[in-house]
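Asks: As they're listed, the protein sequences go chains A and B.
Residue numbering for the first sequence follows the numbering used here, starting at 1 and increasing by one per position.
Residue numbering for the second sequence follows the numbering used here, starting at 113 and increasing by one per position.
All C-beta atoms, glycine included, are put in the ideal place defined by N, C-alpha and C.
Here it is, the structure in full.
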Amino acid sequence: GESVGLHLPTLSVQEGDNSIINCAYSNSASDYFIWYKQESGKGPQFIIDIRSNMDKRQGQRVTVLLNKTVKHLSLQIAATQPGDSAVYFCAENFVYGNQFYFGTGTSLTVIP
Amino acid sequence: GAVVSQHPSRVICKSGTSVKIECRSLDFQATTMFWYRQFPKQSLMLMATSNEGSKATYEQGVEKDKFLINHASLTLSTLTVTSAHPEDSSFYICSAISPSGQETQYFGPGTRLLVL
Numbered sequence: 001g002e003s004v005g006l007h008l009p010t011l012s013v014q015e016g017d018n019s020i021i022n023c024a025y026s027n028s029a030s031d032y033f034i035w036y037k038q039e040s041g042k043g044p045q046f047i048i049d050i051r052s053n054m055d056k057r058q059g060q061r062v063t064v065l066l067n068k069t070v071k072h073l074s075l076q077i078a079a080t081q082p083g084d085s086a087v088y089f090c091a092e093n094f095v096y097g098n099q100f101y102f103g104t105g106t107s108l109t110v111i112p
Numbered sequence: 113g114a115v116v117s118q119h120p121s122r123v124i125c126k127s128g129t130s131v132k133i134e135c136r137s138l139d140f141q142a143t144t145m146f147w148y149r150q151f152p153k154q155s156l157m158l159m160a161t162s163n164e165g166s167k168a169t170y171e172q173g174v175e176k177d178k179f180l181i182n183h184a185s186l187t188l189s190t191l192t193v194t195s196a197h198p199e200d201s202s203f204y205i206c207s208a209i210s211p212s213g214q215e216t217q218y219f220g221p222g223t224r225l226l227v228l
């Protein structure tokens, strides 16, 4: 359940396009997932969450999709803006604990 | 919303000294806080779970005598890096579980530690 500390994958998108960020989680017993956004030198900010009894949840300009069969999570950002440029992490919570374990993260760069 | 603060935001210390980092929940009580460590361009790694009034629970591979955690009140947890060495230089982030009934964690702004 520990996060993998390797270099960050990167994604570049044009302003106004939609972004899709993917995450593979490790534990089939995880029942709660959160996407966080982290800007340089700051702590993570909550974006959206989803429980394992759902496969889709929508927020403002963001949608999270959960595929439990393949242990995959995605974050879709509509009409990406320069302010969306940051590193995005998914975090999983195991059903029998309150610890969260973070995925590798993806660095999103929005090109004006 | 739930606000978590950390102090200091940046600290530079000499090798061999100890450094204390504070994590406070400003507008709610947090029985559980978490401490993470993050190296540049890497993910957050959970170090330990801090429980108010009891001993912290450390993740595998994290030295509890090296990283002392104290959760003396419902709004304050401290992490002390003892006998710090250059390899301890990192970004340390704390979080607390929101009291809203969900398990959402709210993060502090982080503390940048540089050990010379």
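Please identify the residue among B:L186, B:R136, B:S127 and B:V174 whose C-alpha is closest to the C-alpha of G165 (chain B).
Replies: G165 (chain B) has its Cα closest to that of B:L186, out of B:L186, B:R136, B:S127 and B:V174.
Asks: Answer yes or no: do L158 (chain B) and Q99 (chain A) have a C-beta to C-beta separation smaller than 8 angstroms?
Replies: Taking 8 angstroms as the Cβ cut-off, L158 (chain B) and Q99 (chain A) qualify as a contacting pair.
Asks: In three-state DSSP terms, what is D84 (chain A)?
Replies: D84 (chain A) falls in the helix class under three-state DSSP.
Asks: When we look at the beta-carbon of S162 (chain B) and count the other beta-carbons within 10 Å, is it buried (16 or more) or exposed?
Replies: That one is buried.
Asks: Assuming Y32 (chain A) and N93 (chain A) are in contact, meaning their beta carbons sit under 8 angstroms apart, how far apart are those beta carbons, in whole angstroms?
Replies: That pair is a contact at about 4 angstroms.
Asks: Out of curiosity, what's the CA-to-CA distance linking F146 (chain B) and D17 (chain A)?
Replies: The straight-line gap from Cα to Cα measures roughly 36 angstroms.
Asks: Which whole runs of the alpha helix (DSSP H) in the segment 25–52 of chain A are 4 residues long or more, in chain order?
Replies: Qualifying alpha helix (DSSP H) stretches: none in this window.
Asks: Taking 8 angstroms as the CB-CB limit, is S155 (chain B) close to chain A?
Replies: Chain A, which has a Cβ nearer than 8 angstroms to the Cβ of S155 (chain B), makes this yes.
Asks: Between S127 (chain B) and K178 (chain B), what straight-line distance do the alpha-carbon atoms span, to the nearest angstrom?
Replies: Taking the straight line from one Cα to the other gives about 13 angstroms.
Asks: The beta strand (DSSP E) spanning R57 (chain A) covers which residue range?
Replies: First-last of the beta strand (DSSP E) with R57 (chain A): K56 to Q58.
Asks: Around the C-beta of H183 (chain B), are 16 or more other C-beta atoms found within 10 angstroms, so that it is buried, or is it exposed?
Replies: Counting Cβ neighbours within 10 Å, H183 (chain B) comes out buried, since at least 16 surround it.
Asks: I'd like the list of long-range same chain contacts for A168 (chain B), defined as Cβ closer than 6 angstroms, with 5 residues on each side in sequence excluded.
Replies: Same-chain partners within the cutoff: A160, S162 and I181.
Asks: What does DSSP give as the partner residues of R224 (chain B) in its beta bridges?
Replies: B:R122 and B:F203.
Asks: Measuring CA to CA, which of B:P120, B:V115, B:K176 and B:V116 is closest to R224 (chain B)?
Replies: Nearest C-alpha to R224 (chain B): B:P120.
Asks: For the candidate residues A:K68, A:I20 and A:V87, whose alpha-carbon lies nearest to that of R61 (chain A)?
Replies: If we check each option's Cα against that of R61 (chain A), A:I20 comes out closest.
Asks: Check whether the Cβ of P221 (chain B) lies closer than 8 angstroms to any Cβ atom in chain A.
Replies: At least one chain A Cβ lies under 8 angstroms of P221 (chain B).
Asks: By DSSP's criteria, D10 (chain A) is part of a beta bridge. Which residues make up the other side?
Replies: Correcting the residue identity first, residue 10 (chain A) is Thr in this sequence and not Asp. Per DSSP, A:S107.
Asks: With DSSP as the reference, label F100 (chain A) as helix, strand or coil.
Replies: Note: F100 (chain A) maps to strand in three-state DSSP.
Asks: In angstroms with no decimal places, state the Cα-to-Cα distance between V13 (chain A) and K153 (chain B).
Replies: V13 (chain A) and K153 (chain B): Cα-Cα distance of roughly 19 angstroms.
Asks: Measure the Cβ-Cβ separation of L66 (chain A) and L73 (chain A) and say whether it is below 8 angstroms.
Replies: Cβ atoms of L66 (chain A) and L73 (chain A): closer than 8 angstroms.
Asks: What residue from A:T63, A:E15, A:L8 and A:R51 has the CA that sits closest to I111 (chain A)'s CA?
Replies: Checking every option, the nearest Cα to that of I111 (chain A) belongs to A:E15.
Asks: Taking a contact to mean a Cβ-Cβ separation below 8 angstroms, would you say T190 (chain B) touches I133 (chain B) in this structure?
Replies: Contact flag set, yes.
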